Amino acid sequence: MKNAVGLILNVDGEDDSLKDFLQHRSLSTLPFGTGKEWSLSRKTQDLSILSGSNNYHIGRLIKVNLRNLQNNRGFLDATGAEHILIATPNLVTTFDFKNAYDIHLKNDSDITLIFKKDDPLYHLKDNDLYLEFTRNRVSGLHYKREHTTGHFFTEMFFVKKSVLEELLDLSERTGDWDLMDMIKYNIDTLRVFGAQHTGYIKRVNCLENYMKTSMDLLEYEIMQELFLGKNSIHTKIKDNHPTLYNDPAQVSNSIVGSGCIIDGTINHSIIFRDTQMNVDSHIQNSIIMQRCEIGRNVNLNYVVMDKDTKISDHTTLVGKPHAPIVLKKGTVI
Amino acid sequence: MNTECVAMLLAGGQGSRLGSLTFNNAKPAVLFGGKYRIIDFPLSNCMNSDIDVVGVLTQYRPYILNNYIGDGSAWALDQVQGGVHILPPYMGQKGGRWYSGTADAIYQNLDFIDRFDPEYVLILSGDHIYKMDYSKMLTFHKEKEADLTIAVMDVPWEDAHRFGIVNTDDEHCIKEFQEKPEHPKSNKASMGIYIFTWKELKKALLDDAGNRESEHDFGHNVIPMLHENGKRIYAYPYSGYWRDVGTVQSYYDANMDLLDCDCDFDLSDRNFRIFSNNTSRHPQFIGPQAKIINSLICDGCIIFGRVENSILSHDVVIHKKTSLKNVIVHTGAIIEDGAILENCIVGARARIKGDTRYITDPADTTPEIHVINN
C-alpha cells in the first residue's frame, strides 16, 4: 500500500485470565527480527519495534492508548506516509487491508473503521465497541454497555496522519488519552466511514476466547481461510525435523507442528513444535505449546500447557471447557 | 584472503538412475526425508564442521538447486568473506565448455579456489546421506601430513564389489586401489569424500588437464595418478550412517531407514542438526477420520485418510478413504478420495486419481519401487 504505514498497538493487561501467558513476555522481547518472515523487511524500511509508554489504568481499560503514540512521535514524524493503519495485536483473522484502504481514500475519510456484522466474539466485554451508521457515514460509536448495533468494531482502522497528529495534540492538552473516546466525542466534526470485514475474525482477550478461538482452527473451513488462502498467516521458520508419528500413535482431528515425536493418542487438540509425547498417554481438547514433554500414561483433557512444560508419568489433569487448567511456562509436574 | 579449507561440492550430475525424480531437477536437489533435499546433508555438515567457504558446481538442470541454495543463509553460509558460491560452467576468452568430469569441474574453477588461497580443499558429492564432522577428518589429514585423505567405511563383504575399495597398512596409509573389484581384498569402501592439500591438487589437476587420454575423473584418473607418483594417500576411517542414494531403490531404502527405530541415523539430534531452506507453512492438519501410523510428516500437510509407514513432504493433501502404506510422497502431491497406494514414490505435485490402485503382492518382500508422476 503506497502512502500508508501500519502500527500495531499493544493492549495493556486486558484480562486477568491470560496473565499466566503474558507475564515476563513483553512484545519487544519477542524475536521478530527485521520482519523478513512476513515480507516486512525492505531495503527502505524494516519492521520496527517501538516501546510504548508505562501506562496505568484506574477503573477502566483504554482500548487505543494515545500515550503509546505520543511516546513515538518521532516515528510518526519520520514516516512520509499520509495514512496510518492502526490495529490491536490480539486478533485472529486474515484480511487484505487494500480494499479498506481504497474505501478510505475514495471517501477522503479522516478515519475508516473496519467493522464486522454481528458479534464475532465468544465472550463480549463491556468496552467492546459498535458503530452506528447514518447512510454510509459513521455517526456514532457505542460501548457494549451502552447499546449494541450489530456492527462490531474490529479494532482495526485507517486514520489520516494529519488527523492523528491533531488528536494527539488535543489529548496532550486535555489529558484524555483514549483515542476511541476522542473519535466518539468528535464524531460530528470528523469524516468517519466504515469498511466491512466479511471473513473470520476473533479477538483473543481472555482465556475462554483463547481456548475457543484455538479450537476453531480444527474446523477445516476456518483453517483453510486462515492458512491456505491468498492472505495466509505466516510465522517464524524453524529448522526442526518432520514430525515422527511412531507405531503406537493415534492422532485425529488435530493440528500438529513440526519437530514432534508422538507415541500417544491425541484427539481434538493443538500441538506446537518440538513436543514429545510418550506411550499410553492421551490428550484431548488441549493446547500443548513448544518443547513440552509428556510422560507415559498421562491423561489430559481441557489443559493448556505453556512452553517447556514437563508432565511426568501417570499424571491426570482434567479442566473444564470454559476454564481449562493452565500450566505456566516451564512447569514440571 | 586466506581460508584454511575450501569445500567444493560436486552437484552437476544428472542422476539418471533416479528416473523421473531427476527429470527436471538435479540429483542434489531431490527431496529426502520429507523436508530435506540431498544437498542439505553436505551443506549442514560443512556448517557443523566450521567450513564456511563452499563452491557448489552445478551443471544439469540447476534452476531448483540454485533457487534452493539462494544466498546460503539457511546453512549460515552467507558470510561477507566466504559463504556459498554457485559455480556453473562459463565462457572464457577461448570459448567455454561443459564440465567433462569431476576433476575437470574443479580444474575449471582453479581461479575460484585461488581467490581464497586455502591450504586444503575438501571435495564432496551431492548424493550421499550422512552426518560427518569434516574438521576431524582435516585434523587426521594434517596429522598424517597427507597429500590426499579419502574417507572410507567398512561395508559388508558381499557388497564390496560395488564400491571403490582401498587396502591400507596399519597406519591407514593406502597401498592399493580396486575400483569395483570382482575379488575385493578389503571391505574398506571410499565414500567419495576427499581432502587434498591444495598445492598437490592444483598440480595434479594441471597435469590431468594436459592428458588427452584422461576422463578427468577423480576416482579413475587423478587419484590413481597421485598413487603412481608416490604421493601420501591416507584412508580416514568413518563408522557412522552413510548411504549412497544414486538409484531409486537405494533412495527409497534410505528414506525408509528414517522410520526404523533401530536405525542409528537421528534427525532429531540437536547437537548435529541438518538444516534446510524452509519457507513458512501452516502446521499439519489431521482430520477427524485420519489414521497415521509410524510415519514422518511435514508442515503444510492435510490428512483425512490412512497413512502407514510413509513419508510425506510439505503441502501433501491426503483425501478421505485413502490408504498409503510404505509410500514416499513429494511436495504438493494430492491423493484423491479412495486411492490406495503401496510401496511407491509419488512425485512432486502429482495428482493421484481416486480410482488408483497401486498394490503390490504381499508375498513379494522386496517389490520394485516405482515413481508415479502425472
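These protein sequences, in sequence, are chains A and B.
First residue of the first sequence: 29, per this note's numbering; consecutive thereafter.
First residue of the second sequence: 407, per this note's numbering; consecutive thereafter.
Built from N, CA and C at the ideal position, the CB exists for glycine as well.
None of these values were measured; they are calculated from a predicted model.
Look at the Cβ atom of residue i, then the Cβ atom of residue j, and state whether they are nearer than 7 angstroms.
{"i": "Asn-329 of chain A", "j": "Val-346 of chain A", "result": "yes"}
{"i": "Lys-240 of chain A", "j": "Thr-182 of chain A", "result": "no"}
{"i": "Lys-637 of chain B", "j": "Asp-553 of chain B", "result": "yes"}
{"i": "Gly-418 of chain B", "j": "Asp-533 of chain B", "result": "no"}
{"i": "Leu-113 of chain A", "j": "Phe-186 of chain A", "result": "yes"}
{"i": "His-720 of chain B", "j": "Glu-742 of chain B", "result": "no"}
{"i": "Leu-449 of chain B", "j": "Arg-443 of chain B", "result": "no"}
{"i": "Ala-115 of chain A", "j": "Met-184 of chain A", "result": "yes"}
{"i": "Asn-593 of chain B", "j": "Val-561 of chain B", "result": "yes"}
{"i": "Gly-753 of chain B", "j": "Val-723 of chain B", "result": "no"}
{"i": "Asn-749 of chain B", "j": "Thr-771 of chain B", "result": "no"}
{"i": "Ala-610 of chain B", "j": "Ile-556 of chain B", "result": "no"}
{"i": "Ser-596 of chain B", "j": "Val-628 of chain B", "result": "no"}
{"i": "Ile-535 of chain B", "j": "Ala-660 of chain B", "result": "yes"}
{"i": "Gly-598 of chain B", "j": "Ser-531 of chain B", "result": "yes"}
{"i": "Val-279 of chain A", "j": "Ile-740 of chain B", "result": "no"}
{"i": "Asp-368 of chain A", "j": "Gly-323 of chain A", "result": "Look at the range of chain A in this structure, 29 to 361, and you will see that residue 368 of chain A is not part of it."}
{"i": "Ser-282 of chain A", "j": "Asn-268 of chain A", "result": "no"}
{"i": "Ser-682 of chain B", "j": "Lys-441 of chain B", "result": "yes"}
{"i": "Tyr-797 of chain B", "j": "Gln-420 of chain B", "result": "Outside the displayed span of chain B (407 to 780) sits residue 797 of chain B, for which this structure offers no information."}
{"i": "Arg-219 of chain A", "j": "Ser-137 of chain A", "result": "yes"}
Take the Cβ of residue i as the centre, count every other Cβ of all protein chains shown within 10 Å, and call the residue buried at 16 or more, exposed below.
{"i": "Asn-93 of chain A", "result": "buried"}
{"i": "Gln-487 of chain B", "result": "exposed"}
{"i": "Ile-677 of chain B", "result": "According to the sequence provided, residue 677 of chain B is Asn. The question's Ile does not apply to it. Answer is exposed; the Cβ neighbour count stays below 16."}
{"i": "Gln-224 of chain A", "result": "exposed"}
{"i": "Ile-316 of chain A", "result": "buried"}
{"i": "Cys-667 of chain B", "result": "exposed"}
{"i": "Thr-263 of chain A", "result": "exposed"}
{"i": "Gln-318 of chain A", "result": "buried"}
{"i": "Trp-481 of chain B", "result": "buried"}
{"i": "Glu-564 of chain B", "result": "exposed"}
{"i": "Trp-648 of chain B", "result": "buried"}
{"i": "Ile-26 of chain A", "result": "Past the boundaries of the shown model lies residue 26 of chain A; chain A is included only from 29 to 361, so the question cannot be answered."}
{"i": "Asp-477 of chain B", "result": "exposed"}
{"i": "Asp-705 of chain B", "result": "buried"}
{"i": "Tyr-496 of chain B", "result": "exposed"}
{"i": "Cys-234 of chain A", "result": "buried"}
{"i": "Cys-452 of chain B", "result": "buried"}
{"i": "Arg-301 of chain A", "result": "buried"}
{"i": "Cys-669 of chain B", "result": "exposed"}
{"i": "Cys-579 of chain B", "result": "exposed"}
{"i": "Trp-504 of chain B", "result": "exposed"}
{"i": "Asp-446 of chain B", "result": "buried"}
{"i": "Asn-617 of chain B", "result": "exposed"}
{"i": "Ala-566 of chain B", "result": "buried"}
{"i": "Glu-236 of chain A", "result": "buried"}
Using the beta-carbon of each residue, which ones in chain E are nearer than 7 angstroms to residue i?
{"i": "Ile-475 of chain B", "result": "Here the protein chains are A and B, and chain E is not one of them."}
* Asked: When the Cβ atoms of the region 451-466 of chain B are set against those of the region 330-344 of chain A, are three or more pairs found closer than 8 angstroms?
  -> no
* To do: Would you check if there are 3 or more beta carbon pairs closer than 8 angstroms linking the region 158-170 of chain A to the region 209-221 of chain A?
  => yes
* Asked: Are at least three pairs of beta-carbons, each pair with one atom in the region 274-283 of chain A and one in the region 699-718 of chain B, less than 8 angstroms apart?
  -> yes
* Do the region 543-552 of chain B and the region 583-602 of chain B meet, that is, are 3 or more Cβ pairs less than 8 angstroms apart? -> yes
* **Under 8 angstroms (Cβ pairs) to chain A, residues found in the region 668-691 of chain B** => Leu-673, Ser-674, Arg-679, Ile-680, Phe-681, Ser-682, Asn-684, Thr-685, Ser-686, His-688, Pro-689, Gln-690, Phe-691
* If contact means a Cβ-Cβ distance below 8 angstroms, which residues of the region 425-441 of chain B contact chain A? -> Gly-439, Gly-440, Lys-441
* Is there contact here, the region 230-246 of chain A with the region 282-300 of chain A, by at least three beta-carbon pairs under 8 angstroms? -> yes
* Select from the region 215-229 of chain A all residues with a C-beta closer than 7 angstroms to any C-beta belonging to chain B, and list them in chain order. => none
* Asked: Looking at C-beta atoms only, is the number of pairs between the region 582-591 of chain B and the region 654-661 of chain B that lie closer than 8 angstroms three or more?
  -> no
* Please list the segments of the beta strand (DSSP E) lying wholly inside the region 505-593 of chain B, counting only runs of 3 or more residues, in order along the chain. => 526-531, 534-536, 554-560, 570-574, 580-585
* Which ranges would you report for the beta strand (DSSP E) in the region 176-226 of chain A if only whole runs of at least 3 residues count? -> 179-188, 220-224
* What are the residues of the region 233-246 of chain A that lie near chain B, defined by any Cβ-Cβ distance shorter than 9 angstroms? -> Leu-245, Leu-246
* Asked: What residues in the region 734-768 of chain B bring their beta carbon closer than 9 angstroms to a beta carbon of chain A?
  -> none
* Short-range partners of chain B found in the region 286-297 of chain A, where Cβ spacing is below 7 angstroms -> Ser-286, Ile-289
* Determine, using beta-carbon pairs with one atom in the region 681-692 of chain B and one in the region 248-260 of chain A, whether at least three such pairs fall under 8 angstroms. => yes
* **Selection of the region 294-318 of chain A by Cβ proximity to chain B, strictly under 7 angstroms** => none
* Tell me, please, whether the region 459-474 of chain B touches the region 753-761 of chain B by the rule of three or more beta-carbon pairs shorter than 8 angstroms. => no
* Asked: Counting Cβ pairs closer than 8 angstroms, one from the region 509-518 of chain B and one from the region 413-432 of chain B, do we hit at least three?
  -> yes
* Taking only beta carbons into account, state which residues of the region 269-288 of chain A come closer than 8 angstroms to chain B, listed in chain order. => His-269, Pro-270, Thr-271, Leu-272, Tyr-273, Asn-274, Asp-275, Ala-277, Gln-278, Val-279, Ser-280, Asn-281, Ser-282, Ile-283, Val-284, Gly-285, Ser-286, Gly-287
* To do: Pick out the complete beta strand (DSSP E) segments inside the region 423-501 of chain B, 3 residues or longer, and give them in chain order.
  => 459-463, 489-493
* With a floor of 3 residues, list each beta strand (DSSP E) that falls wholly inside the region 260-312 of chain A, ordered by position along the chain. => 271-273, 278-280, 282-284, 293-295, 310-312
* **Cβ-based contacts, 7 angstroms cut-off: residues of the region 101-135 of chain A near chain B** => none
* Jot down the residue ranges of each uninterrupted beta strand (DSSP E) in the region 686-715 of chain B, minimum 3 residues, whole runs only, in chain order. => 690-692, 697-699, 701-703, 712-714
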